[in-house]
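6 is the number of the first residue of the sequence shown in our numbering; add one for each residue after it. One structure is given here, and the rest of the page talks about it.
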Amino acid sequence: MAKGPVPQASDDELPFDMDEEIAVDERAFFGQPAKTSAPKAALPAKGEHYHGHRERLRNRFRDHGDTALADYEILELLLFRLIPRCDTKPIAKALIDRFGSLAGVFGAPAALLQEVKGVGEAVALDLKLVSTIGHRTLKSELKGKQVLSSWSSVIQYCHAAMAHETREQFRILFLDKRNALIADEVQGHGTVDHTPVYPREVVRRALELSATALILVHNHPSGDPTPSRADIDMTKMIIDAAKPLGIAIHDHIIIGKDGQASLKGLRLI
Numbered sequence: 006m007a008k009g010p011v012p013q014a015s016d017d018e019l020p021f022d023m024d025e026e027i028a029v030d031e032r033a034f035f036g037q038p039a040k041t042s043a044p045k046a047a048l049p050a051k052g053e054h055y056h057g058h059r060e061r062l063r064n065r066f067r068d069h070g071d072t073a074l075a076d077y078e079i080l081e082l083l084l085f086r087l088i089p090r091c092d093t094k095p096i097a098k099a100l101i102d103r104f105g106s107l108a109g110v111f112g113a114p115a116a117l118l119q120e121v122k123g124v125g126e127a128v129a130l131d132l133k134l135v136s137t138i139g140h141r142t143l144k145s146e147l148k149g150k151q152v153l154s155s156w157s158s159v160i161q162y163c164h165a166a167m168a169h170e171t172r173e174q175f176r177i178l179f180l181d182k183r184n185a186l187i188a189d190e191v192q193g194h195g196t197v198d199h200t201p202v203y204p205r206e207v208v209r210r211a212l213e214l215s216a217t218a219l220i221l222v223h224n225h226p227s228g229d230p231t232p233s234r235a236d237i238d239m240t241k242m243i244i245d246a247a248k249p250l251g252i253a254i255h256d257h258i259i260i261g262k263d264g265q266a267s268l269k270g271l272r273l274i
């Protein structure tokens, strides 16, 4: 019987030679296998090297959890679902090498992700979707809670949201009189080393939200969270503008890839 033409896959699915790939439905791994009356075709010899690897990696994750896997292997597990027709191990390793860590991969802009061979627009957007889900999950842990008693959660959330931004970002956590989170808003984006901040606008927004306290947060794309003189001066200007209106500035946190700095903790405010 003559064989029909081989269906063409998208660029996201085919970073390697089509001759070495086969169509496999990855969705069946965590769900029920798709029912079919036709017998399963044997895997081509050239495909066995990564299909056997996928099954072994899944089994390790199922039996032992994420602690049994390296970061690039965790990324592989995700890429199995996004790029079902090729060996994703080289792509996972290339992403980790390019962005330095698993957090760096998910924090990277979609445009930069697409510079890695094998990552197209659809895969880059799916990686950013996973990142957003993580951020929303961390944020939900703070909503309505007394932020000052969950300080480690605040730092974790801010670090996940901002540490890998390529431009400076100024964020404000607005708190009520119980120090519970009312809103978390990005007030401005800047360059690689500067974000314009207007104290009057900060105070105006706090009044609109009936906030009685603020936590200021911004990132240093250089990775070094050490406060600059401009950071300190700007914070003091916001404190001076907010104090007469009964709005307290609890802290100004600077986030970097290598950690964070608290102006209050450093006794700079």
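Using N, Cα and C, we set each Cβ at its ideal position, and we do this for glycine too. It should be emphasised that the depicted structure is a prediction, and the values quoted were computed from it without experimental measurement.
- Taking a 10 Å sphere around the C-beta of R90, we find 16 or more other C-beta atoms and assign the residue as buried.
- DSSP, read as helix, strand or coil, puts A127 in helix.
- Between the beta-carbon of N224 and that of E173 there is about 6 Å, and that keeps the pair under the 8 Å contact cut.
- Taking 8 Å as the upper bound for CB-CB distance, V110 and L87 are not in contact here, some 13 Å apart.
- A distance of 8 Å or more separates the beta carbons of A253 and I259.
- With contacts defined as CB atoms closer than 8 Å, H164 and I220 fail to qualify as a contacting pair.
- Under a 10 Å Cβ-count criterion, P201 is classified as exposed, with fewer than 16 other Cβ atoms of the shown protein chains found around its own Cβ.
- Where L74 is concerned, there is no enclosing beta strand (DSSP E), because DSSP gives it neither an H nor an E.
- Burial is judged here by how many other beta carbons sit within 10 angstroms of a residue's own beta carbon; T240 has at least 16 and is buried.
- Non-local beta-carbon contacts of K144 in its own chain, meaning distances under 7 Å to residues more than five positions away in sequence, involve Y162, D189 in chain order.
- Taking all protein chains shown into account, D236 has 16 or more neighbouring C-beta atoms within 10 Å of its C-beta and is therefore buried.
- H223 is bridged by DSSP to F175, I259.
- Secondary-structure assignment with DSSP links V110 through no beta bridge to anything.
- Residue state for H169 is assigned as coil, using DSSP reduced to three classes.
- Setting aside the 5 residues that flank it on each side, M167 is surrounded in the same chain by Q174, N224, I260, each with a C-beta closer than 6 Å to its C-beta; the list follows chain order.
- Here DSSP, grouped into helix, strand and coil, assigns Q119 to coil.
- The C-beta distance from L130 to V124 rounds to 10 Å, too long to fall under 8 Å, and the pair is not in contact.
- By the neighbour-count definition (other C-beta atoms within 10 Å, threshold 16), K182 is an exposed residue.
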